[in-house]
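Structure, as structure tokens:
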Amino acid sequence: MNQISSRSFVSSLLSGACLFLCLDDSLAKAEESILALSEEPQELGLSGAALQEKEIFDKVFGQKKSGRKQINRKIIVPVMIAGRTIGQAAALVGAQGDEVRFDWKSLKKTLEAHVLLEHLTSVDSKRDQLGYVTESSFADLGWAVHFDDSTISLVAELPNEFRKVQDTAIRSRRPQPIGRKIEPSTVSAVLNLGAAQDYTYGLAQNNGRQPSVFNMRGATNVSSLVLEGDLNYYEKAKRRWVRNDVRLVKDIESKAIRMSLGDVNYGVSGLQAAPQIGGFSFSKNFSIRPYDIIQSSGSASFTLNSESKVEFYVNSQLVDTRDLPPGPHRLTDFPVSAGANDIVLRIKDKFGQVQEIKIPFFYASSLLAEKVHSFSYNVGYLTENKLGVRHYDTKVPVFSAFHKYGLTSMTTVGLNAQGSKKQGQLGAEMTCATALGNFYLLGAASQTKDPLVSESRRKSGYSSTLQYDRTLSQDERARSFAAQWSSYTQSFTRLGSLTPSNPVSHRFSARYSQEVYGGIFGSMSGGYGIYRQTKSKENDQNLGLSKTYSDGITLTMDVARSKRPETKVEQRLMFGFRWSIPGSGHAVSADYQSLENVKRVRWNYSAAGGVGGFNAGAGVIQQQGRRGADGNLTYTGNRFIAGVSHDRMDPKEGKTLDRTTFNANTALVFADGHMALSRPVSDSFVIVAPHKTISDKKLKINPTGERYSTQTDFLGSAVLPDVSGYNINTVSIDRSEIPVGYQIEDDAYYFEPTYKRGGVAKIGTDAVVMVKGQLLDVAKNPLALASGEILYLDEPEKEPVLFFTNRSGFFAVEGLKPGKYKIMVYGDKIFSSFVSIPEGTTGLYSLDVMQTEVLLEDQKMLKEDIEE
Numbered sequence: 007m008n009q010i011s012s013r014s015f016v017s018s019l020l021s022g023a024c025l026f027l028c029l030d031d032s033l034a035k036a037e038e039s040i041l042a043l044s045e046e047p048q049e050l051g052l053s054g055a056a057l058q059e060k061e062i063f064d065k066v067f068g069q070k071k072s073g074r075k076q077i078n079r080k081i082i083v084p085v086m087i088a089g090r091t092i093g094q095a096a097a098l099v100g101a102q103g104d105e106v107r108f109d110w111k112s113l114k115k116t117l118e119a120h121v122l123l124e125h126l127t128s129v130d131s132k133r134d135q136l137g138y139v140t141e142s143s144f145a146d147l148g149w150a151v152h153f154d155d156s157t158i159s160l161v162a163e164l165p166n167e168f169r170k171v172q173d174t175a176i177r178s179r180r181p182q183p184i185g186r187k188i189e190p191s192t193v194s195a196v197l198n199l200g201a202a203q204d205y206t207y208g209l210a211q212n213n214g215r216q217p218s219v220f221n222m223r224g225a226t227n228v229s230s231l232v233l234e235g236d237l238n239y240y241e242k243a244k245r246r247w248v249r250n251d252v253r254l255v256k257d258i259e260s261k262a263i264r265m266s267l268g269d270v271n272y273g274v275s276g277l278q279a280a281p282q283i284g285g286f287s288f289s290k291n292f293s294i295r296p297y298d299i300i301q302s303s304g305s306a307s308f309t310l311n312s313e314s315k316v317e318f319y320v321n322s323q324l325v326d327t328r329d330l331p332p333g334p335h336r337l338t339d340f341p342v343s344a345g346a347n348d349i350v351l352r353i354k355d356k357f358g359q360v361q362e363i364k365i366p367f368f369y370a371s372s373l374l375a376e377k378v379h380s381f382s383y384n385v386g387y388l389t390e391n392k393l394g395v396r397h398y399d400t401k402v403p404v405f406s407a408f409h410k411y412g413l414t415s416m417t418t419v420g421l422n423a424q425g426s427k428k429q430g431q432l433g434a435e436m437t438c439a440t441a442l443g444n445f446y447l448l449g450a451a452s453q454t455k456d457p458l459v460s461e462s463r464r465k466s467g468y469s470s471t472l473q474y475d476r477t478l479s480q481d482e483r484a485r486s487f488a489a490q491w492s493s494y495t496q497s498f499t500r501l502g503s504l505t506p507s508n509p510v511s512h513r514f515s516a517r518y519s520q521e522v523y524g525g526i527f528g529s530m531s532g533g534y535g536i537y538r539q540t541k542s543k544e545n546d547q548n549l550g551l552s553k554t555y556s557d558g559i560t561l562t563m564d565v566a567r568s569k570r571p572e573t574k575v576e577q578r579l580m581f582g583f584r585w586s587i588p589g590s591g592h593a594v595s596a597d598y599q600s601l602e603n604v605k606r607v608r609w610n611y612s613a614a615g616g617v618g619g620f621n622a623g624a625g626v627i628q629q630q631g632r633r634g635a636d637g638n639l640t641y642t643g644n645r646f647i648a649g650v651s652h653d654r655m656d657p658k659e660g661k662t663l664d665r666t667t668f669n670a671n672t673a674l675v676f677a678d679g680h681m682a683l684s685r686p687v688s689d690s691f692v693i694v695a696p697h698k699t700i701s702d703k704k705l706k707i708n709p710t711g712e713r714y715s716t717q718t719d720f721l722g723s724a725v726l727p728d729v730s731g732y733n734i735n736t737v738s739i740d741r742s743e744i745p746v747g748y749q750i751e752d753d754a755y756y757f758e759p760t761y762k763r764g765g766v767a768k769i770g771t772d773a774v775v776m777v778k779g780q781l782l783d784v785a786k787n788p789l790a791l792a793s794g795e796i797l798y799l800d801e802p803e804k805e806p807v808l809f810f811t812n813r814s815g816f817f818a819v820e821g822l823k824p825g826k827y828k829i830m831v832y833g834d835k836i837f838s839s840f841v842s843i844p845e846g847t848t849g850l851y852s853l854d855v856m857q858t859e860v861l862l863e864d865q866k867m868l869k870e871d872i873e874e
């Protein structure tokens, strides 16, 4: 009896839906799985006919029997608002007619995303000593929750003013994860290894094999703290080992902030320069939270009084349709274009009434969303490589910083500064999107010590830039205009350069483009500059035409004229032909340029991604009497990438120069005690580790047609090397190589790692047997359409395996292993039988016809006895 009371009972035999009756409050998993109830009455499995409300209630909870105590049953049920399921909660249900009690803790948690906090708090005082509330608890509160017998659910009814605003992103940036989650490893590491070998012919000396070059690029991640570095080895060089960047990186994921210590990569803004520094960086990095909305892309707020269909139009194009429930809504992240956009919401309620909301919106790609910050603060020393040695100018510390802020959805402002004890720069910027177009204003002032005069004397310089662009039409003509004006004083300098270099004092440029006729697009552009010393002028003009055909062919023509103070007027005529052959991976191009008499023809081939793909290219060029040719071939293997390239140049005079280069790249990865060989890893990775029972099988990972990303082989675990940090990466397993009876938990996984982090997907178990057989009752009749479970007697703590029989009493269960089992079948009577799977059994194992014995005549009486 004790053994039976710890198991889950299965009903709804005809539909196959499982309803687990919790016999013990401590079985939390069983409580959660009880939510296998459908809204359709016939899915409760009684002769396929529609059941009346009382029959449904009695089927699920049992009839009250005379002379027996009726015990409340705790179940997990759906919670619904306006006909939509929003979650689940626990409820205590007794006989029909008794008041149902709701567990307020679980119900409140479900309602938090939909009901304003003050209205939830008002219910707290209505709880009883066990934390339950009833329908009467909501009296006089302005809203209600009741138990619906017909759908076995809790239904919340509340007015719009009680509801929270529901945010909906039109583009739904974050994809829905599919499958089982792969947990990031606490400790992981990757070491990329590369080698290149050149052979040259035609040199005056030292022909043949050239010194080899090797590269090692690695990263170690310990609980999201990353140490990464890069090292080169040059054969026969005076200094063979050359260190490149080395840094320590730590991300604050919740704030999208990256901190770096060492040879840092940092961002700049406005008119700033970005010389390489060694030091500390504290920066906003939006790639850490790739699904956040950081750019202003339009929003709309409205309230629906009933369930409605909402159509979203942007510039007269239908971009999405949503069925939205009643209540307040805020829509964000429209797919807008640069310039002026017309957003229209067409709302049709359930009564057929239609209304439209029109929202003009102006967009610029450099705008931040309202109240969004972007910044980078950096301190350190300027660095440079001298003869293979990295030097840090520790006598002159430098700093670089900028901070931008989304003031409104159409205005972004920012400040920036850079400097050292020898120079400094302070700047400001602003971006505005208006009905007249987008404006970008940049300004900066600098001060620099004059190295030729006294140390105390400084020179001041100034620079400013005004940019403007406007999309004149969003229709098929795509008319647009852009212009820029820049001004520099003679003494203006940027960080890292003490000597100013500003020969041009003012420069203006502009560009206009549109469709001319029949899909032919044209553009006109020009520029004008004034030189400071000579007061001479420079100018250039360009006229371009292009046409793209549906079969992948693009034709271009450009006519250009330019004049510089030190040169004569130069005129160029350029023709271009591009043909990307659809569905083939092949592309052909040809170009001609008149000024330098350049003729070029090229062919490229890119195979579909995955193992076994080849990329290739070849081309010829003729320029001012010189001829050249080149070709390349790259192969992508399961655990390496290898390639060869050849260049040939025939000069006007002298010997022909030939250079052939061979290269190969691979990687070693480590995570959670697993090590594997891989193709080069640029960011994060996943090791797919098969169980020893299927280690001899070739499991293809992420198959697409005949291609796949990687596979297990004689070297062991497979590695996905192209995993992007902070993104949802899908890992799918091809089951075709897995024998019958062998169990893998799932064939779909997803991995969302941090920066340069690894994870392990463990595939398979020691459960390698599939059992099939037929069950008979004591009268030797098939146990038709019965549900049951198989208990592993050698490991009683293991979860039982559920199964169903067909109309002939046959059943099949996979995921078992050799050992002793007890088969339990549940219905109006409880039956049992024993089976033993011999050691060494794998694959399909057929059982003899098994006759069961009756353990209990009345299953419902057993459940009530246990509860009492």
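FYI, in our numbering the residues of the sequence shown are 7 to 874. For each residue, glycine too, the CB sits at the ideal point set by N, CA and C. Computed from a prediction, not measured in an experiment: that's the story for all the values here.
Rounded C-alpha distance that separates V2 from T716: Outside the shown range of the chain (7 to 874) lies residue 2, about which nothing can therefore be said.
N-terminal and C-terminal residue of the alpha helix (DSSP H) that D129 is part of: Along the sequence shown, read from residue 1 onward, the residue named residue 129 stands at position 123. The question names Asp, but residue 129 in the sequence shown is Val. Residues 123-130.
7 Å CB neighbourhood of D783 in its chain, flanking five on each side removed: Locating residue 783 in the sequence shown gives position 777, counting from the first residue. Cβ within range, chain order: L789, F837, T858.
Extent of the continuous beta strand (DSSP E) run through W110: Indexing the sequence shown from 1 puts residue 110 at position 104. No beta strand (DSSP E) contains W110, which is instead part of the alpha helix (DSSP H) from 110-117.
Any C-beta of chain B under 8 Å from that of M416: The structure shown contains no chain B; it holds only a single protein chain.
In DSSP terms, what S266 is bridged to: Position 260 of the sequence shown, counted from the start, is the residue given in the question as residue 266. Answer by DSSP bridge pairing, in chain order: V255, S287.
Where W247 falls, given that 16 or more other Cβ within 10 Å makes a residue buried: Here residue 247 refers to the residue found at position 241 when the sequence shown is read from its first residue. When all chains shown are included, W247 counts as exposed.
Cβ-based burial, F318 [other Cβ within 10 Å; buried from 16]: Position 312 of the sequence shown, counted from the first residue, corresponds to residue 318. With 16 or more other Cβ atoms within 10 Å, it is buried.
Candidates N321, R169, A95: closest to V139 by CA position: Counted from its first residue, the sequence shown places residue 139 at position 133. Of the listed residues, the one whose Cα sits closest to V139 is A95.
Residue burial classification, L726 (beta-carbon count within 10 angstroms, cutoff 16): Stepping through the sequence shown from its first residue, residue 726 is reached at position 720. It counts as buried.
Alpha-carbon to alpha-carbon, Q301 and L413: Taking the sequence shown and counting its residues from 1, one reaches residue 413 at position 407. Taking the sequence shown and counting its residues from 1, one reaches residue 301 at position 295. If I take the Cα positions, the gap works out to 12 Å.
Touch test, the region 787-804 against the region 754-774, Cβ-Cβ under 8 Å, three pairs minimum: no
Beta-carbon spacing of T116, G93 below 8 Å: For the purposes of this step, residue 116 is taken as residue 110 along the sequence shown, with counting starting at 1. For the purposes of this step, residue 93 is taken as residue 87 along the sequence shown, with counting starting at 1. It is a contact, given that the beta carbons lie within the stated cut-off.
Nearest-angstrom Cα separation, counted from D546 out to Q630: Looking up residue 630 in the sequence shown gives position 624. Looking up residue 546 in the sequence shown gives position 540. If I take the Cα positions, the gap works out to 24 Å.
S314 - containing beta strand (DSSP E), residue span: Position 308 of the sequence shown holds residue 314. Unbroken beta strand (DSSP E) run through S314: 314-320.
Residue range of the beta strand (DSSP E) that includes H652: The count along the sequence shown starts at 1 and reaches residue 652 at position 646. 647-656 is the extent of the beta strand (DSSP E) around H652.
Cβ shell of S814 (< 6 Å), same chain only, five flanking positions each side left out: Mapped onto the sequence shown, residue 814 falls at position 808. Once the five neighbours on either side are set aside, the close Cβ partners of S814 are P788.
Residues near D339 by beta carbon distance below 6 Å, same chain, minus five either side: Residue mapping note: residue 339 aligns to position 333 of the sequence shown, counting from 1. The answer, listed in chain order, is A175, I176, R177, I299, S303.
Beta bridge counterpart(s) of T499 as assigned by DSSP: The count along the sequence shown starts at 1 and reaches residue 499 at position 493. T499 is not bridged to any residue.
Start and end residues, beta strand (DSSP E) containing P403: For this step, residue 403 is matched to residue 397 along the sequence shown. Taken as a continuous stretch (DSSP letters only), the beta strand (DSSP E) holding P403 covers 395-414.
Reduced DSSP category for E795 - H, G, I as helix; E, B as strand; rest coil: As a first step, residue 795 must be located in the sequence shown, where it is residue number 789. It is a strand residue.
Residue from V161, T540, E167, K290 whose Cα sits closest to the Cα of R90: Locating residue 90 in the sequence shown gives position 84, counting from the first residue. Residue V161 is the option with its Cα nearest to R90.
Separation of S600 from R665, as counted between CA atoms: Here residue 665 refers to the residue found at position 659 when the sequence shown is read from its first residue. Here residue 600 refers to the residue found at position 594 when the sequence shown is read from its first residue. The alpha-carbon atoms of R665 and S600 are separated by roughly 29 Å.
Extent of the continuous beta strand (DSSP E) run through H335: For this step, residue 335 is matched to residue 329 along the sequence shown. Counting along the chain, the beta strand (DSSP E) containing H335 begins and ends at 333-338.
Segments of 3+ residues assigned as beta strand (DSSP E) that fall wholly inside the region 555-606: 559-569, 576-586, 592-599
Own chain, CB closer than 6 Å to N735, minus 5 neighbours either side, in chain order: Here residue 735 refers to the residue found at position 729 of the sequence shown. So the qualifying residues of the chain are V729, F757.
heavy atom of the ligand ADP below 7 Å from L126 C-beta: The ligand ADP is absent from the structure shown, which contains no ligand whatsoever.
DSSP bridge partner residues for N610 (one or two, in chain order): If you number the sequence shown from 1, residue 610 lands on position 604. A593, G623.
Span of the beta strand (DSSP E) around P366: In the sequence shown, the residue the question calls residue 366 occupies position 360. 360-369 is the extent of the beta strand (DSSP E) around P366.
Status (buried if at least 16 other CB within 10 Å, exposed otherwise) for V575: Here the question's residue 575 lines up with position 569 in the sequence shown. Result: exposed.
Residue closest to N671, alpha-carbon to alpha-carbon, out of Q182, L164, N198, D173: Within the sequence shown, residue 671 is the residue found at index 665, counting from 1. Residue N198 is the option with its Cα nearest to N671.
Outcome for D752 when other beta-carbon atoms lying within 10 angstroms are tallied against a minimum of 16: The count along the sequence shown starts at 1 and reaches residue 752 at position 746. Label assigned to D752: exposed.
F292, DSSP secondary structure in three states: One-based indexing of the sequence shown puts residue 292 at position 286. F292: helix per DSSP, three-state reduction.
8 Å Cβ cutoff met for L330 and V342: If you number the sequence shown from 1, residue 330 lands on position 324. If you number the sequence shown from 1, residue 342 lands on position 336. Cβ distance not < 8 Å, so L330 and V342 don't count as in contact.
According to DSSP, residues forming a beta bridge with E751: What you label residue 751 is simply residue 745 of the sequence shown in a count that begins at 1. The partner list for E751 (beta bridge, DSSP) is empty, contrary to what the question assumes.
E435 and A484 closer than 8 Å at C-beta: Position 429 of the sequence shown, counted from the start, is the residue given in the question as residue 435. Position 478 of the sequence shown, counted from the start, is the residue given in the question as residue 484. No; because the gap between Cβ atoms is not below 8 Å, this pair is not in contact.
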